[in-house]
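Participant: Taken in order, these protein sequences are the chains called A, B, C and D. Residues in the first sequence are numbered from 5 upward in steps of one, following the working numbering. Residues in the second sequence are numbered from 5 upward in steps of one, following the working numbering. Residues in the third sequence are numbered from 5 upward in steps of one, following the working numbering. Residues in the fourth sequence are numbered from 5 upward in steps of one, following the working numbering.
Number of protein chains: 4
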Amino acid sequence: MGEAAARGRKSIGAKRNPESADAIIEAAEGVLREAGYAGFSIEAVARRARAGKPTIYRWWPSKAALLIEVYQRQKRVETPDTGNIEDDLAGFLKNLFAHWRDTPSGNIFRSLIAEAQSDGTAAAALAEYSKGRRGHTGRMIERAKARGEVAADVDAGIVADLIASYAWRHLLTDRLDEDDAMIRAAVRYVVRGIAPTP
Amino acid sequence: MGEAAARGRKSIGAKRNPESADAIIEAAEGVLREAGYAGFSIEAVARRARAGKPTIYRWWPSKAALLIEVYQRQKRVETPDTGNIEDDLAGFLKNLFAHWRDTPSGNIFRSLIAEAQSDGTAAAALAEYSKGRRGHTGRMIERAKARGEVAADVDAGIVADLIASYAWRHLLTDRLDEDDAMIRAAVRYVVRGIAPTP
Amino acid sequence: MGEAAARGRKSIGAKRNPESADAIIEAAEGVLREAGYAGFSIEAVARRARAGKPTIYRWWPSKAALLIEVYQRQKRVETPDTGNIEDDLAGFLKNLFAHWRDTPSGNIFRSLIAEAQSDGTAAAALAEYSKGRRGHTGRMIERAKARGEVAADVDAGIVADLIASYAWRHLLTDRLDEDDAMIRAAVRYVVRGIAPTP
Amino acid sequence: MGEAAARGRKSIGAKRNPESADAIIEAAEGVLREAGYAGFSIEAVARRARAGKPTIYRWWPSKAALLIEVYQRQKRVETPDTGNIEDDLAGFLKNLFAHWRDTPSGNIFRSLIAEAQSDGTAAAALAEYSKGRRGHTGRMIERAKARGEVAADVDAGIVADLIASYAWRHLLTDRLDEDDAMIRAAVRYVVRGIAPTP
DNA sequence: ATCTAAACGAGACGGTACGTCAAGTCTTTCC
DNA sequence: GGAAAGACTTGACGTACCGTCTCGTTTAGAT
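Right, dumping it as structure tokens:
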């Protein structure tokens, strides 16, 4: 019944068809945007992409892998560099919340975390991704350390962990429209706690 | 044809049979313990409980509802009261991590969070539950405030949020065997940040 | 919780309540009329009759038994006595087809036959009922025999069988709107076949 | 997870697997033979065929469709041609009764008739099939007409109808072990009735 | 007049089957 | 020879009924 398949794409041949891959990613994103994680199935993505399921499985070994790829195609959130660690972190969280709230990214990331709870590969991918992000946030702390805003013996990883945890929990409990003042207060508590003792 | 039914339970009468409910809850807990969230299905629970699926659906309209009930049957974690806020919080987190690690609670709660990402009722239940827990942790802060360990203008809810977020993220990323020193460091950063300015 | 029970019926006491029985029969008839055999379930009848399922099972041990009772409550079809066997039989079939076509009887009887294919009690009940009917039609033949219209050595039971079979098959294949001439032709072939040889 | 699939069948590939289809048909036949119409469920057929329910539903949209296919796979009953219409018809009925009695065909056909009472597609299929059979029996009559055994103005369809009806009713009321003399008597009444008037 | 037993409505119970959706694997077809 | 896509098995979904059993109430008939 392939007669009605993938109209518009040309090759179904021996070479990987980049149009198919794109169509799949786009379809996945579309499904997540329109039906959310609950409606996100390989079946649905294949349908929307006018692709066969095995085509998806060939390139992404699991639902989680596809989810990760879709997430990584999203635009990154900006990390400000104001010269002040409290402003940096508060700005970063504000941007992140807005990004998660206003693009499919939030839904995708939530889905990925959920998937990781029952799928080992998703968990691994998420761990890998988180490590990278922790390093990223860690650098903000290190910069501040260099400026003397943060005590030298502070573990930047732990601080990054605290900040990321705060963000995750707000994402997972649907509190991304949190008051700016509240975000700033949370950041301030941590920043004060890691300031050098005078 | 019910001749093979649930030998050992006596009444299957017109009133809700508490033995059936218990058997279902216990089965659900058992499935979660042994097969995790991935293996947690209404079918599996019904099979293990020697109950009919409709009996489960009659009382718990969704997987989430059953999950919530199972979670609420779990023992609570102890919150120490040492007279020192850092010890209190670090001890609480240590206890919580151990509880999540060594009992089915951790699996159940992870599952509940995951379920909440695609099921509204689970999300609502989780929000309700979290509010209660936040109050609980908040009281630890208020006690410290009364002792003068914490500045008067600190928002206890935000601090509780930070601590809970840290715990959640460790649960969700399978890092419950975290070094005690690391937990203590994280707690210390926050506790210092909310101490009264001298 | 009987407080909301079957408003309008008075007694639910120690004697069988004929109002309940009536309500059940009527409900059964109503369900058959409105939803057909496909929708005919004890559950549905109980619902419509505002009766408990056990009340139905107490008095009618099976769906088939209820079906039979419902059928027997229907008005009987008239068997003409014109003094001519061909007119008698053709008239009887005409009346029977009209009766089956224009009242719920047809649906009920079809259901009963269908039920008898998978339910022994229905089969037995149907056999019992058929025997009675065969005797009934047989008497028409015997009268004709007495009048000399039918050969003395003809087995009235077999003739009744042929006539009933013809009726059943038209019911079961939804051909109750058969042309009168056709019915008469079928009857004539048989009547001629059993006439005394001159 | 298909590792435990249908051991013994090889292909589960891109083309419809005829072995699966066969296995399903055979299983359906087996279930009908051993458990009768009462035990005939898609579930049971799938179990016996070691096939998935969706595989059955993909190819047969309903129980009726499967039933029809199973029936059509059955061997046809022989129609004798003795040069005498009474012997032809009595022989045909005798063969038919034996066939229905001694092979699954009888059970299958009964089931199909029963199913047709609540399922439109089964009814349509049955009507279609019956038309074919009526033609078949009709030809026996036409042959006799050509031989002068049957009056020229006799409607062969009606006669075929009478004969088929007699067979159906005996099938449906479980009287397939009817005395040969009885069958012959019934046939004789009809045959005499359609003989040319001398 | 009181007690008892039967019948009632309601509905929970363990089950079976329904028809559907999705997951992930295998195989054929086509470039 | 390798990518695409369809057919496959498996398993879970949530629903409808099945026939049995228990509940608490109501009432007729026996004591």
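Yeah, the Cβ is synthetic: ideal placement off N, Cα and C, and Gly gets one too.
1) For Lys98 of chain D versus Ile187 of chain D, is the C-beta spacing smaller than 8 Å?
2) What number of angstroms, rounded off, separates the C-alpha of Ala150 of chain B from the C-alpha of Ala164 of chain A?
3) Listing by chain order, which chain C residues have their CB less than 8 Å from the CB of Gln76 of chain D?
4) Give, in chain order, every residue of the stretch 141-156 of chain D whose Cβ lies closer than 9 Å to some Cβ of chain C.
5) For Ser66 of chain A, which of helix, strand or coil comes out of DSSP?
6) Pick from B:Asn111, B:Ala131 and B:Arg143: whose alpha carbon is nearest that of Leu176 of chain A?
7) Name, going along the chain, the residues of the stretch 175-195 of chain A whose beta-carbon falls closer than 8 Å to a beta-carbon of chain B.
8) Using 8 Å as the limit for Cβ to Cβ distance, is Asp4 of chain B near chain A?
9) Alpha carbons only, please: which of C:Gln121, C:Ala160 and C:Asn111 is nearest the one belonging to Lys135 of chain C?
10) For the stretch 141-158 of chain A and the stretch 141-148 of chain B, state whether three or more C-beta atom pairs, one from each stretch, are separated by less than 8 Å.
11) Sorted by chain position, which residues of the same chain lie with C-beta nearer than 7 Å to Arg52 of chain B's C-beta, five sequence neighbours on each side aside?
12) Establish whether the CB of Leu166 of chain D and some CB of chain C are separated by less than 8 Å.
13) Write down every uninterrupted run of the alpha helix (DSSP H) in the stretch 149-186 of chain D whose length is 4 residues or greater and which is fully enclosed by it, in chain order.
14) Going by beta carbon distance, what residues of the same chain come within less than 7 Å of Ala190 of chain B, once the five residues before and after it are set aside?
15) Report back the beta-carbon spacing between Ala129 of chain D and Ala39 of chain D to the nearest angstrom; my notes put them in contact at under 8 Å.
16) At what residues does the alpha helix (DSSP H) containing Val49 of chain C begin and finish?
17) By a C-beta neighbour count over all protein chains shown, 10 Å radius and 16 as the cutoff for buried, is Ala42 of chain A buried or exposed?
18) Can you list, in chain order, the residues of its chain with a C-beta nearer than 8 Å to that of Ala185 of chain B? Leave out the 5 residues immediately preceding and following it.
19) Find the nearest neighbour of Ala126 of chain C within the set C:Leu71, C:Ile198 and C:Pro200, judged by alpha-carbon distance.
20) Report back the beta-carbon spacing between Arg37 of chain B and Pro108 of chain B to the nearest angstrom; my notes put them in contact at under 8 Å.
21) Just the Cα atoms here: how many angstroms apart are Gly124 of chain B and Arg173 of chain A?
22) Going by other Cβ atoms of all chains shown within 10 Å of its Cβ, with 16 needed for buried, is Gln76 of chain C buried or exposed?
23) Quick check: is the beta carbon of Ser45 of chain B nearer than 8 Å to any beta carbon in chain A?
24) The alpha helix (DSSP H) that contains Asp106 of chain C, what's its start and end?
25) Considering only their Cβ atoms, is the gap separating Val195 of chain B from Glu119 of chain B smaller than 8 Å?
26) Is Arg111 of chain D helix, strand or coil when you go by DSSP?
27) I need the straight-line Cα distance from Ser45 of chain B to Ala155 of chain B, nearest angstrom please.
28) Going straight from the alpha carbon of Gln121 of chain C to that of Ile112 of chain C, what length do you get?
29) Could you tell me whether any Cβ in chain B is nearer than 8 Å to the Cβ of Ser15 of chain A?
30) For the stretch 124-138 of chain C, list every residue whose C-beta sits within 8 Å of some C-beta in chain D, in sequence order.
31) Taking the alpha-carbon positions, what's the Val81 of chain A to Leu166 of chain A distance?
32) Any beta carbon from chain C within less than 8 Å of Trp172 of chain D's own beta carbon?
33) The alpha helix (DSSP H) that contains Ser24 of chain B, what's its start and end?
34) So, at 7 Å on beta carbons, what are the nonlocal neighbours of Ile198 of chain D in its own chain, with the 5 sequence-adjacent residues on each side left out?
Facilitator: Result, derived from the coordinates:
1) Between Lys98 of chain D and Ile187 of chain D, the gap from beta carbon to beta carbon is short of 8 Å.
2) Going by the C-alpha atoms only, they are around 30 Å apart.
3) Among the residues of chain C, none has a CB under 8 Å from the CB of Gln76 of chain D; the nearest is roughly 18 Å distant.
4) Within the stretch 141-156 of chain D, no residue has a Cβ that lies closer than 9 Å to any Cβ of chain C.
5) If DSSP states are grouped into helix, strand and coil, Ser66 of chain A belongs with coil.
6) With distances taken between CA atoms, Leu176 of chain A lies nearest to B:Ala131 out of B:Asn111, B:Ala131 and B:Arg143.
7) Legend: CB atoms of the stretch 175-195 of chain A lying less than 8 Å from CB atoms of chain B belong to residues Leu176, Thr177, Asp178, Met186, Ala189, Ala190, Arg192, Tyr193, Val194 and Val195.
8) Residue 4 of chain B is absent from the model: chain B starts at 5 and stops at 202.
9) Ranked by Cα distance from Lys135 of chain C, the first of C:Gln121, C:Ala160 and C:Asn111 is C:Ala160.
10) When Cβ pairs closer than 8 Å are counted between the two stretches, the stretch 141-158 of chain A is seen not to touch the stretch 141-148 of chain B, the count staying below three.
11) Within its own chain, the residues whose Cβ lies closer than 7 Å to the Cβ of Arg52 of chain B, once the five positions on either side in sequence are excluded, are Ala31, Gly34 and Val35, listed in chain order.
12) Chain C, which has a Cβ nearer than 8 Å to the Cβ of Leu166 of chain D, makes this yes.
13) Taking only runs of at least 4 residues, the alpha helix (DSSP H) segments lying wholly in the stretch 149-186 of chain D are 160-176.
14) Hits under 7 Å: Tyr170.
15) For a cut-off of 8 Å, the C-beta gap from Ala129 of chain D to Ala39 of chain D is around 22 Å, too long to register as a contact.
16) Ile46 to Ala53 is the span of the alpha helix (DSSP H), which, as asked, contains Val49 of chain C.
17) So Ala42 of chain A ends up on the exposed side.
18) Hits under 8 Å: none found.
19) Comparing C-alpha distances from Ala126 of chain C to each of C:Leu71, C:Ile198 and C:Pro200 shows the shortest one belongs to C:Leu71.
20) Rounded, the Cβ-Cβ distance is 4 Å, consistent with contact.
21) C-alpha separation (whole angstroms): 16 Å.
22) Answer is exposed; the Cβ neighbour count stays below 16.
23) Interface criterion not met: the Cβ of Ser45 of chain B is under 8 Å from no Cβ in chain A.
24) Note, Asp106 of chain C: alpha helix (DSSP H), Ile89 to Asp106.
25) In this structure, Glu119 of chain B lies away from Val195 of chain B, with their beta-carbon atoms at least 8 Å apart.
26) What sits at residue 111 of chain D in the sequence shown is Asn, not Arg. Residue state for Asn111 of chain D is assigned as helix, using DSSP reduced to three classes.
27) Each residue's Cα considered, the two are about 48 Å apart.
28) Going by the C-alpha atoms only, they are around 15 Å apart.
29) Note on Ser15 of chain A: pLDDT 43, under 50, position unreliable in the model; the coordinate value appears next. So no, Ser15 of chain A is outside the interface.
30) Those would be Ala127, Leu130, Ala131 and Ser134, in chain order.
31) Going from the Cα of Val81 of chain A to the Cα of Leu166 of chain A covers about 18 Å.
32) Yes, Trp172 of chain D counts as interfacial toward chain C.
33) For Ser24 of chain B, the uninterrupted alpha helix (DSSP H) run begins and ends at Pro22 to Ala39, by DSSP.
34) Contacts found: Val154, Ala155, Val158 and Val163.
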